[in-house]
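See below for the structure under consideration.
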Amino acid sequence: MSGHSTYTPSNGFTRWIDERLPIIRLSYDSFVAYPTPRNLNYWWTFGGILSMMLVVQLITGIVLVMHYTPNTAMAFASVEHIMRDVNWGWLMRYMHANGASMFFIAVYIHILRGMYYGSYKAPREILWILGVVIFLLMMATAFMGYVLPWGQMSFWGATVITNLFSAIPVIGDPIVIWLWGGFSVDNPTLNRFFSLHYLLPFVIAAVVALHVWALHVVGQNNPAGVEVKSEQDTVAFTPYATLKDSFGMAVFLVFFCWFLFYTPNYMGHPDNYIEANPMVTPAHIVPEWYFLPFYAILRSVPDKLGGVIAMFGAIAVLFVLPWLDTSKVKSARYRPLFKQFFWILVIVGCGLGYLGSQPAEGGYVIASRILTAWYFFHFLVILPVLGLVEKPKPVPESIMADVLAKNAAH
Amino acid sequence: MTMILSGSKLGRAVGAALLAMGLGFAAAPAMASEAAHGPKVEMQSWSFAGPFGRFDKGQLQRGYKVYKEVCASCHSMKLVAYRNLADQGGPGFTLDQAKALAAEIKVKDGPNDAGEMFERAGRTSDRFPSPFANDEAARAGFGGALPPDLSLIGKNRAAHRGGLSFMADPFTLYAEAGPDYVYNLLTGYVDAPHGVTCDGALQYNQSFISGSCIAMPNPLSEGMVTYDDGTKATVEQYARDVAAFLMWTAEPKLEARKSTGLKVILFLIVLSGLLYLTKRKIWANVAH
Chain A
1 MSGHSTYTPS NGFTRWIDER LPIIRLSYDS FVAYPTPRNL NYWWTFGGIL
51 SMMLVVQLIT GIVLVMHYTP NTAMAFASVE HIMRDVNWGW LMRYMHANGA
101 SMFFIAVYIH ILRGMYYGSY KAPREILWIL GVVIFLLMMA TAFMGYVLPW
151 GQMSFWGATV ITNLFSAIPV IGDPIVIWLW GGFSVDNPTL NRFFSLHYLL
201 PFVIAAVVAL HVWALHVVGQ NNPAGVEVKS EQDTVAFTPY ATLKDSFGMA
251 VFLVFFCWFL FYTPNYMGHP DNYIEANPMV TPAHIVPEWY FLPFYAILRS
301 VPDKLGGVIA MFGAIAVLFV LPWLDTSKVK SARYRPLFKQ FFWILVIVGC
351 GLGYLGSQPA EGGYVIASRI LTAWYFFHFL VILPVLGLVE KPKPVPESIM
401 ADVLAKNAAH
Chain B
411 MTMILSGSKL GRAVGAALLA MGLGFAAAPA MASEAAHGPK VEMQSWSFAG
461 PFGRFDKGQL QRGYKVYKEV CASCHSMKLV AYRNLADQGG PGFTLDQAKA
511 LAAEIKVKDG PNDAGEMFER AGRTSDRFPS PFANDEAARA GFGGALPPDL
561 SLIGKNRAAH RGGLSFMADP FTLYAEAGPD YVYNLLTGYV DAPHGVTCDG
611 ALQYNQSFIS GSCIAMPNPL SEGMVTYDDG TKATVEQYAR DVAAFLMWTA
661 EPKLEARKST GLKVILFLIV LSGLLYLTKR KIWANVAH
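Put into structure tokens, the structure is as follows:
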């Protein structure tokens, strides 16, 4: 797909630049002439939406840092100062807090789209792995960001999650003390989390650049899951994909603003409006909603170390997904059994999310164990076996053939 | 907008429904769940609810009076200053009124040029005074229980309503769990049911979220605060007014937020429509 450049400088000035730093050529080849499959549906707009959300988070975050104080004695009050006294501070802070949730909604849809259409399969394994790296970095960034307002859930969430490392045999406790910078979550912890929370988004931006680079080398997958074979299969990125993505982004912004302006605390926990108090433990410590499925997996294992391994394993399994799925057919459209198991996995994931928000007792624990077992069973057993036993439906000859067949059917 | 999820039309519908359900599920605000006998918290109707919600200035002024004459004798409100009383989207006091209210208090200031602390009349830049010098002094007066700071009480308490009712909230835009709780708590002092006894100074409250017995004695009684605007001086009315006031102290920019939101969302809907039409025109002659 990264064929010959079709860019021709239109005047002397751009020619002069092109001979010295072909940056206009790079942009033209990447975002104008770049051939994109003509059959992409709206699930493919989430890549653009995610880029937009990263920019929103960076801009609002940089503004918030101008008014925030990373000190345990002042952090909570400084966030309230932003909410009350800083011009448009409430907007910046609500945009950043809800933006994080929107970022995760978009990334979960993006990941599920990749799973449904087999976007992780050859030759897109590295593209997929870079995506999982971004997902991990997002989780780390979001976790540390949630600590910064220094509310009750900030403090106790940080305590619970950093304590997980104490499950590591022998070196666990020293690691936790090293992470904290002391003997409990305290000012040094807040300061380093603040530092890293500012750093990691730029690391994310760099890995996103690699992700996009890899994408532009192998080209986009598409709903038919067949590779681009001729120019007929594609359209130019601009204006076709640009306009479609812009529309997708605008609709997503409406969704974002609905929460941002009308129910901005819906996705947060009321307890985080109580200043952190190491002497008072909340009745139930729960992480932000986007961590709940993993939190449920963590708590489903009765052994602490086992729980930690299961939780990290739930993400680690995504790294090897390209090799666990043995089917040659990419798109779930032509894999009747896989399609059903995909939706079961989605329901299992949502179920785990719900269970993660509930107390770890009684039936909730049993349900968490069943769903956790299914999660791993899906990746480690169903996917490898399915590729061998499933009889896929005939795959279209080409993208164009698929489009023509679809249009003829209408 | 056609979102292709799977081959068949039925599959699409099922897929979309599942995903919508899934997102709803995943967006569960993490709340603690209690057993079936949860606190009794009934939803109230508020002028500030919904996309067009605005505070009722008269209600906020009455609520401020209840706060000042009743709540403030035990509870602090450290995040709110007298100047806020004259802020836009608030109780609608004039700046002069706010100055007069601030001047009623004495503030310890200093040190002055001679290095001595001194007392002066309050200014609008002063925060509301705290009734106790520190948390320990407050605890000592209440058998170890600390009357919480009220600045954010409108947002940092929420009773769990159980089940999956939270999934409807993004559609109904229910965001008044805080004031609903405050109202129910203040009117929730009823006789303890058979078999429930509260130790010592604790009192039974049917709406308390952290157990059945609360350290706060029933603070309101009929006629204890005189309203100047002729509003009925009942416990329910006090509770309602002070709950609204506490929502304002927790979310002082609520009106700016909702009115900005309306403009932004309308703009984005028009923008989306135009982008959609442009996109359709561009793709019109391209098979896809």
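Protein chains in written order, with the numbering used here: chain A, 1 to 410; chain B, 411 to 698.
Where is the CB? At the ideal position from N, CA and C, for every residue including glycine.
Chain B residues whose Cβ lies nearer than 8 Å to that of R93 (chain A): Within 8 Å Cβ-Cβ: nothing; R93 (chain A) doesn't reach chain B, min ~10 Å.
Residue of B:G448, B:E479, B:G463 minimising C-alpha distance to M657 (chain B): B:G463
Element boundaries [beta strand (DSSP E), containing P322 (chain A)]: No beta strand (DSSP E) holds P322 (chain A); the alpha helix (DSSP H) holding it covers 321–324.
Residue closest to E231 (chain A), alpha-carbon to alpha-carbon, out of A:Y28, A:D18, A:R38, A:I24: A:R38
Extent of the continuous alpha helix (DSSP H) to which A569 (chain B) belongs: Unbroken run through A569 (chain B): none, as it is neither H nor E.
CB of K450 (chain B) within 8 Å of CB of S617 (chain B), strictly: Yes, Cβ-Cβ distance for K450 (chain B) and S617 (chain B) is below 8 Å.
Simplified DSSP state of R369 (chain A), which is helix, strand or coil: helix
Per-residue burial, W343 (chain A) [other beta carbons within 10 Å of its own, 16 or more giving buried]: buried
Distance between beta carbons of P282 (chain A) and N566 (chain B), contact taken as under 8 Å: About 11 Å; that fails the 8 Å criterion.
Any C-beta of chain A under 8 Å from that of A436 (chain B): Below a pLDDT of 50, predicted positions are generally treated as unreliable, and A436 (chain B), at 39, falls in that range; no measurement from the model is reported.
Contacts that G502 (chain B) makes with chain A (C-beta to C-beta distance below 9 Å): Correct list: empty, because the minimum Cβ distance to chain A is about 17 Å.
Range of the contiguous alpha helix (DSSP H) that encloses K673 (chain B): 664–693
Residues near F435 (chain B) in its chain [Cβ-Cβ closer than 6 Å; skip 5 each side]: Reliability of the predicted coordinates at F435 (chain B) is poor, the pLDDT of 40 falling under 50, and no value is obtained from them.
First through last residue of the alpha helix (DSSP H) which encompasses T242 (chain A): 242–257
Same chain, Cβ closer than 6 Å to M441 (chain B), five either side skipped, listed in chain order: Note that M441 (chain B) scores 37 on pLDDT, short of 50, meaning its location in the model is unreliable; the coordinates nonetheless yield the value given after this. Cβ within range, chain order: H570.
Proximal residues, the stretch 659–670 of chain B versus chain A, C-beta separation under 8 Å: A660, P662, K663, A666, R667, K668, T670
Euclidean distance between Cα positions of A167 (chain A) and F155 (chain A): 20 Å
Straight-line gap, P336 (chain A) to V403 (chain A) (C-alpha atoms, nearest Å): 20 Å
Any chain B beta carbon closer than 8 Å to L64 (chain A): no
Chain B contacts from the stretch 270–283 of chain A (Cβ-Cβ distance under 9 Å): P270, D271, N272, Y273, I274, E275, P282, A283
Own chain residues within Cβ distance below 7 Å of V160 (chain A), not counting five before or after: I285
Chain-ordered chain B contacts of A250 (chain A) [CB-CB under 8 Å]: L678, L681, S682, L685
Whole-number beta carbon distance between V606 (chain B) and Y477 (chain B), since they are thought to touch under 8 Å: Their Cβ separation, rounded to whole angstroms, is 30 Å, which puts Y477 (chain B) and V606 (chain B) out of contact at 8 Å.
Nearest neighbour of S331 (chain A), chosen from A:R84, A:P174, A:A75, A:M115 [CA to CA]: A:M115
Which of helix, strand or coil DSSP assigns to K715 (chain B): Since the first residue of chain B shown is 411 and the last is 698, residue 715 (chain B) is not available in this structure.
Member of A:E361, A:H4, A:Q340 whose CA lies at the smallest distance from the CA of P302 (chain A): A:E361
Secondary structure of C484 (chain B), DSSP reduced to three states: coil
With 16 other Cβ atoms within 10 Å as the buried cut-off, status of A426 (chain B): A caution first: A426 (chain B) carries a pLDDT of 45, below 50, which makes its placement in the model unreliable, though a value can still be read off. Answer is exposed; the Cβ neighbour count stays below 16.
Neighbour flag for F261 (chain A) against chain B, beta carbons, 8 Å: yes
Whole-angstrom distance between F552 (chain B) and A531 (chain B), CA atom to CA atom: 29 Å
Counted within 10 angstroms of its Cβ, other Cβ atoms place F194 (chain A) as buried (16 or more) or exposed: buried
Anticipated Cβ contact below 8 Å, A158 (chain A) with V147 (chain A), distance rounded: 5 Å
Closest by C-alpha distance to S682 (chain B), when choosing among A:P9, A:G268, A:V254: A:V254
Coil, strand or helix - Q57 (chain A) by DSSP: helix
Beta-carbon neighbours of D579 (chain B), restricted to chain A and to distances below 8 Å: T263, Y266
Proximity to F259 (chain A) [Cα-Cα], best of B:Y584, B:N522, B:P589: B:Y584
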